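Quick notes on the structure that follows.
Number of protein chains: 2
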Amino acid sequence: MVKIAILGYGTVGSGVFEVVRRNRNAITNKIGEEIEVKYVLDLKTFEDDPVMEVLTSNYDDIINDDEVKIVCETMGGVKPAYEFTKRALESGKSVCTSNKELVEKHGPKLLKIAKANNCSYLFEASVGGGIPIIRPLRTSLAQEEILSITGILNGTTNYILTKMETEGLAFEDVLKRAQEKGYAERNPDADILGFDACRKIAILTSLAYGKNVDYADILTEGITAVTGTDFAYAKKMGATIKLFAKSLKKDGKYYALVAPFMVTSENPLYAVNGVFNAILLNCNMGGETMYYGKGAGKLATASAVVADVLDCAKHIGKNLDTKWDEEKLEISPVDSAVRRFFVRVLGNDLAGIQKIFGEVELYDGVAEGECGFVTGEMSEAEYRQRAAEAGNVITMIRMD
Amino acid sequence: MVKIAILGYGTVGSGVFEVVRRNRNAITNKIGEEIEVKYVLDLKTFEDDPVMEVLTSNYDDIINDDEVKIVCETMGGVKPAYEFTKRALESGKSVCTSNKELVEKHGPKLLKIAKANNCSYLFEASVGGGIPIIRPLRTSLAQEEILSITGILNGTTNYILTKMETEGLAFEDVLKRAQEKGYAERNPDADILGFDACRKIAILTSLAYGKNVDYADILTEGITAVTGTDFAYAKKMGATIKLFAKSLKKDGKYYALVAPFMVTSENPLYAVNGVFNAILLNCNMGGETMYYGKGAGKLATASAVVADVLDCAKHIGKNLDTKWDEEKLEISPVDSAVRRFFVRVLGNDLAGIQKIFGEVELYDGVAEGECGFVTGEMSEAEYRQRAAEAGNVITMIRMD
Numbered sequence: 001m002v003k004i005a006i007l008g009y010g011t012v013g014s015g016v017f018e019v020v021r022r023n024r025n026a027i028t029n030k031i032g033e034e035i036e037v038k039y040v041l042d043l044k045t046f047e048d049d050p051v052m053e054v055l056t057s058n059y060d061d062i063i064n065d066d067e068v069k070i071v072c073e074t075m076g077g078v079k080p081a082y083e084f085t086k087r088a089l090e091s092g093k094s095v096c097t098s099n100k101e102l103v104e105k106h107g108p109k110l111l112k113i114a115k116a117n118n119c120s121y122l123f124e125a126s127v128g129g130g131i132p133i134i135r136p137l138r139t140s141l142a143q144e145e146i147l148s149i150t151g152i153l154n155g156t157t158n159y160i161l162t163k164m165e166t167e168g169l170a171f172e173d174v175l176k177r178a179q180e181k182g183y184a185e186r187n188p189d190a191d192i193l194g195f196d197a198c199r200k201i202a203i204l205t206s207l208a209y210g211k212n213v214d215y216a217d218i219l220t221e222g223i224t225a226v227t228g229t230d231f232a233y234a235k236k237m238g239a240t241i242k243l244f245a246k247s248l249k250k251d252g253k254y255y256a257l258v259a260p261f262m263v264t265s266e267n268p269l270y271a272v273n274g275v276f277n278a279i280l281l282n283c284n285m286g287g288e289t290m291y292y293g294k295g296a297g298k299l300a301t302a303s304a305v306v307a308d309v310l311d312c313a314k315h316i317g318k319n320l321d322t323k324w325d326e327e328k329l330e331i332s333p334v335d336s337a338v339r340r341f342f343v344r345v346l347g348n349d350l351a352g353i354q355k356i357f358g359e360v361e362l363y364d365g366v367a368e369g370e371c372g373f374v375t376g377e378m379s380e381a382e383y384r385q386r387a388a389e390a391g392n393v394i395t396m397i398r399m400d
Numbered sequence: 401m402v403k404i405a406i407l408g409y410g411t412v413g414s415g416v417f418e419v420v421r422r423n424r425n426a427i428t429n430k431i432g433e434e435i436e437v438k439y440v441l442d443l444k445t446f447e448d449d450p451v452m453e454v455l456t457s458n459y460d461d462i463i464n465d466d467e468v469k470i471v472c473e474t475m476g477g478v479k480p481a482y483e484f485t486k487r488a489l490e491s492g493k494s495v496c497t498s499n500k501e502l503v504e505k506h507g508p509k510l511l512k513i514a515k516a517n518n519c520s521y522l523f524e525a526s527v528g529g530g531i532p533i534i535r536p537l538r539t540s541l542a543q544e545e546i547l548s549i550t551g552i553l554n555g556t557t558n559y560i561l562t563k564m565e566t567e568g569l570a571f572e573d574v575l576k577r578a579q580e581k582g583y584a585e586r587n588p589d590a591d592i593l594g595f596d597a598c599r600k601i602a603i604l605t606s607l608a609y610g611k612n613v614d615y616a617d618i619l620t621e622g623i624t625a626v627t628g629t630d631f632a633y634a635k636k637m638g639a640t641i642k643l644f645a646k647s648l649k650k651d652g653k654y655y656a657l658v659a660p661f662m663v664t665s666e667n668p669l670y671a672v673n674g675v676f677n678a679i680l681l682n683c684n685m686g687g688e689t690m691y692y693g694k695g696a697g698k699l700a701t702a703s704a705v706v707a708d709v710l711d712c713a714k715h716i717g718k719n720l721d722t723k724w725d726e727e728k729l730e731i732s733p734v735d736s737a738v739r740r741f742f743v744r745v746l747g748n749d750l751a752g753i754q755k756i757f758g759e760v761e762l763y764d765g766v767a768e769g770e771c772g773f774v775t776g777e778m779s780e781a782e783y784r785q786r787a788a789e790a791g792n793v794i795t796m797i798r799m800d
């Protein structure tokens with residue numbers, strides 16, 4: 001019997017409580033140990049909820065109870081989650097969390113504290129919700145050099161883009177519907193401006209290379225500028241538009257970026273629709289692997305937290321080491337990243353376009369008074385220079 | 401420094417040697433230990449190959465060397481792989497393998513021996529090549545009840561079906577080309593008749609439920625009967641045809657089947673083309689997750705073996721427990737499995753069809769003298785009875 005505590009009885013915390021109870025038999029059968037929730041920490045009370053039997057509002061009850069070996073931090077935010085996590089780890093209790101903000105901000109520090117105290121800090125649920133991606137990176141792919149990571153890491157924006165594509169709706173209209181359905185927050189900025197995806201790619205990239213990526217170093221563009229006309233071009237090109245969170249290693253340099261991309265059907269991420277998330281990894285030995293599933297949602301996220309709990313339960317008194325040093329991983333300026341660009345310009349003067357951008361593939365007749373084209377490979381800096389020279393660019397979307 | 405031995409310097413074995421050498425730095429960096437290949441066992445010699453420095457033809461060299469903690473069994477087949485594996489485990493050396501035949505046949509027995517000797521028997525590479533699926537089942541999804549597994553587990557047949565679809569070629573022609581390209585064996589029966597996929601779904605199902613599935617209990621149909629006309633219907637239906645290896649738990653009963661299925665674009669497996677493999681799991685908490693990648697190939701498969709090596713290296717002297725008992729998992733007869741069926745019949749007598757099959761969706765005009773339709777839900781037994789009554793069925797493909 002392994003006893004655990006849950007910090008915060010919100011969406012994810014109550015989900016953890018539910019997963020542990022409903023799948024008690026499956027869990028005991030699989031790991032040969034029973035998991036019991038001894039405490040749930042919350043300041044609120046929850047009438048007629050079985051949680052009342054284990055509810056406490058005093059964190060000391062948990063910290064001072066030597067029977068509690070594992071703490072699930074499902075509070076979110078940095079304060080007081082950081083202090084609570086630190087205290088748990090310092091008293092030798094492993095911490096499993098879904099809190100991507102805290103992981104992104106203090107991951108390496110908390111991992112170090114865990115190691116020093118022979119316990120673990122695990123955060124499978126912080127990226128990709130119910131999709132196993134953190135543990136595969138740490139275990140199944142430990143023998144690989146990760147060449148690139150491309151993720152659809154935010155369900156809200158993927159839902160919006162999918163609806164824009166399939167129902168021909170404008171961004172604002174879909175956002176409104178998504179808010180009504182609870183797929184988007186009332187303040188949707190963290191999602192639609194790309195910050196949520198940015199935190200997640202910062203975490204994945206740090207894990208892939210073992211050093212710390214500062215998410216402020218990652219150029220982040222959201223989806224607010226994507227229009228129905230862009231999708232009309234995409235359709236003509238046999239492509240779609242996805243918000244990609246990408247990082248890659250090339251010639252010893254590291255690049256990272258969050259932005260809308262034109263994605264053709266050859267990319268396995270092309271078919272990832274609605275609120276689903278997926279992560280495509282390219283490794284130097286095993287090649288491409290992709291991981292797909294629900295990127296959010298109470299039970300999917302809670303399930304990932306519980307997976308971490310079971311891992312800790314099998315390793316009581318031991319540190320499950322995650323390589324993520326405090327040393328900074330230098331992200332190269334996006335200027336030097338080389339790729340192709342989809343560009344929409346006023347008019348349809350092919351000769352003029354080719355004079356500036358070189359040989360291009362032209363898409364005409366999609367919208368009045370303009371045309372679109374795909375450039376050859378060039379650096380971002382070079383693209384920007386040429387776009388300024390052209391002076392008639394309506395919009396640009398990077399090609400995958 | 402952890403010393404390992406490789407049994408067999410064929411495709412996978414030489415791949416393991418290569419992965420360990422080429423990714424030496426990445427590995428040491430990630431797990432904090434260097435991995436060194438101390439022996440490679442093979443009866444042949446390999447001039448001008450660095451393997452010559454560590455080559456031996458005497459298995460006793462390996463068994464009697466206490467420095468060797470991990471053995472990679474990449475010989476394939478049951479003899480002498482079974483004896484070699486058993487001896488290694490009995491002397492406390494962990495074994496990592498790509499040998500699906502041996503795993504399917506003797507998995508539970510070898511796992512028991514490993515446990516008794518405080519070492520591990522790991523076989524990530526036996527299913528899905530470079531796709532992490534065995535370890536996620538054992539760790540990331542240990543808290544889940546697996547409701548169903550649907551896999552595209554054989555690259556050869558998926559390549560053939562993809563080519564039939566995209567190039568409109570006949571089965572025999574694509575098979576011939578696949579053989580020329582080395583994507584299909586000279587004797588392709590194990591692939592095209594579904595036996596390879598059957599072994600793999602037997603392994604996955606055993607792991608999902610912790611008891612032993614006998615692969616002889618799984619109804620297995622290959623792809624040899626699939627024709628261009630079937631694909632013409634699929635196209636009309638917005639679907640494609642995939643060889644699915646499926647198992648599921650329903651009302652406390654277990655079902656398993658390998659057969660071609662009509663797959664619509666809503667299924668994430670729809671877009672898995674060419675030699676790629678993918679596994680879609682449905683779990684009672686986290687919902688659907690999918691794992692995608694190269695199902696075969698030297699380096700992808702070898703990479704999965706090395707992932708297991710690193711896991712063993714981090715747990716020397718400890719058993720990594722895999723729940724897979726010798727007790728038999730009863731597979732219910734497919735007769736009682738309920739689903740919809742795509743059926744092609746001679747003629748296009750809708751009234752006659754509906755009299756026998758009930759309300760159907762009709763597809764006419766695809767091929768001369770026949771029509772196709774999709775039935776409502778019924779059991780396999782019921783379908784067979786009605787098909788016999790109709791007397792004019794050309795072919796049937798199960799609907800996903």
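If you read the protein sequences in the order shown, they are chains A and B. Under my numbering, the letters of the first sequence match residues 1 to 400, in that order. Under my numbering, the letters of the second sequence match residues 401 to 800, in that order. All C-beta atoms, glycine included, are put in the ideal place defined by N, C-alpha and C. Remember, it's a predicted structure, so these values are computed and weren't measured experimentally.
Nearest chain A C-beta to residue i closer than 8 Å, yes or no?
i      : result
B/E473 : no
B/K512 : no
B/I723 : As written in the sequence, residue 723 of chain B is Lys, which differs from the Ile given in the question. Yes, contact with chain A.
B/P450 : no
B/A671 : yes
B/P508 : no
B/P733 : no
B/C588 : Rather than Cys, the amino acid found at residue 588 of chain B in this sequence is Pro. Answer no: the Cβ-Cβ gap between B/P588 and chain A never drops below 8 Å.
B/P480 : no
Identify the contact partners of residue i in chain A, using a Cβ-Cβ distance below 7 Å as the criterion.
i      : result
B/L710 : A142 and Q143
B/E727 : Those do not exist, as B/E727 stays about 12 Å from chain A at its closest Cβ, beyond 7 Å.
So residue i and residue j are in contact, right, with Cβ under 8 Å, and what is the actual spacing, rounded?
i      : j      : result
B/I462 : B/L443 : Contact doesn't hold; Cβ gap of about 14 Å is too wide.
B/N518 : B/K718 : 6 Å
B/Y559 : B/V675 : 5 Å
B/M685 : B/E544 : 6 Å
Does any residue of chain B bring its CB to less than 8 Å from the CB of residue i?
i      : result
A/Y292 : yes
A/K163 : no
A/I31  : yes
A/G77  : no
A/I27  : yes
A/A289 : One point to set straight first is that residue 289 of chain A is Thr, not Ala, in the sequence displayed. So yes, A/T289 belongs to the interface.
A/G92  : no
Does the beta carbon of residue i sit closer than 8 Å to a beta carbon anywhere in chain E?
i      : result
A/A351 : No chain E appears in the structure shown, which is made up of the protein chains A and B.
List the residues of chain B that residue i touches, going by C-beta distances under 9 Å, in chain order.
i      : result
A/M285 : G415, E418, V419, R422, N423, G530, L699, A700, A702, S703 and V706
Going along chain B in order, which residues have a C-beta closer than 7 Å to the C-beta of residue i?
i      : result
A/R135 : T539 and S540
Can you list the residues of chain A that residue i reaches, using a CB-CB cut of under 9 Å?
i      : result
B/E524 : S140
In chain B, which residues lie with their C-beta within 8 Å of the C-beta of residue i?
i      : result
A/G210 : N429 and K430
A/P260 : Per Cβ cutoff of 8 Å: no residues; A/P260 is ~21 Å from chain B at best.
So with CB distances below 8 Å, who are the chain A contacts of residue i?
i      : result
B/A696 : Correct list: empty, because the minimum Cβ distance to chain A is about 11 Å.
Please specify which runs of the alpha helix (DSSP H), each continuous and at least 4 residues long, are wholly inside the region 634–710 of chain B, giving them in chain order.
The region 634–710 of chain B contains no whole alpha helix (DSSP H) run of 4 or more residues.
Does the contact criterion of 3 or more C-beta pairs under 8 Å hold for the region 401–417 of chain B versus the region 370–378 of chain A?
Flag = no, the region 401–417 of chain B and the region 370–378 of chain A do not touch.
Which runs of the alpha helix (DSSP H) fall wholly inside the region 748–781 of chain B and span at least 4 residues, in chain order?
The region 748–781 of chain B contains these whole alpha helix (DSSP H) runs: 750–757.
Could you name each continuous alpha helix (DSSP H) segment of 4 residues or more that falls completely within the region 140–189 of chain A, going from the start of the chain to the end?
Within the region 140–189 of chain A, the complete alpha helix (DSSP H) runs of at least 4 residues are 155–167 and 171–181.
Determine contact between the region 71–90 of chain A and the region 282–295 of chain A, defined as no fewer than three beta-carbon pairs at a distance below 8 Å.
Counting Cβ pairs under 8 Å, fewer than three are found: no touch.
Cβ contact (3+ pairs, closer than 8 Å) linking the region 260–276 of chain A and the region 106–124 of chain A:
Fewer than three pairs of CB atoms, one per stretch, sit closer than 8 Å, so the region 260–276 of chain A makes no contact with the region 106–124 of chain A.
Which complete beta strand (DSSP E) runs does the region 22–96 of chain A hold, if anything under 3 residues is left out?
Unbroken beta strand (DSSP E) stretches of 3 residues or longer found wholly inside the region 22–96 of chain A: 35–41 and 68–73, given in chain order.
Are the region 90–110 of chain A and the region 66–79 of chain A in contact at 8 Å, needing three or more beta carbon pairs?
Contact holds: three or more Cβ-Cβ distances are below 8 Å.
Touching or not, the region 694–704 of chain B and the region 410–419 of chain B, by the rule of three or more beta carbon pairs under 8 Å?
The region 694–704 of chain B makes contact with the region 410–419 of chain B: 3 or more CB pairs, one atom from each, lie closer than 8 Å.
Whole alpha helix (DSSP H) elements within the region 189–239 of chain A, 4-residue minimum:
Fully enclosed alpha helix (DSSP H) runs of 4 or longer: 189–192, 195–209 and 228–236.
For the region 99–132 of chain A, which segments carrying the alpha helix (DSSP H) assignment without a break, of at least 4 residues, lie completely within its bounds, in sequence order?
Listed in chain order, the complete alpha helix (DSSP H) runs (minimum 4 residues) inside the region 99–132 of chain A are 100–116.
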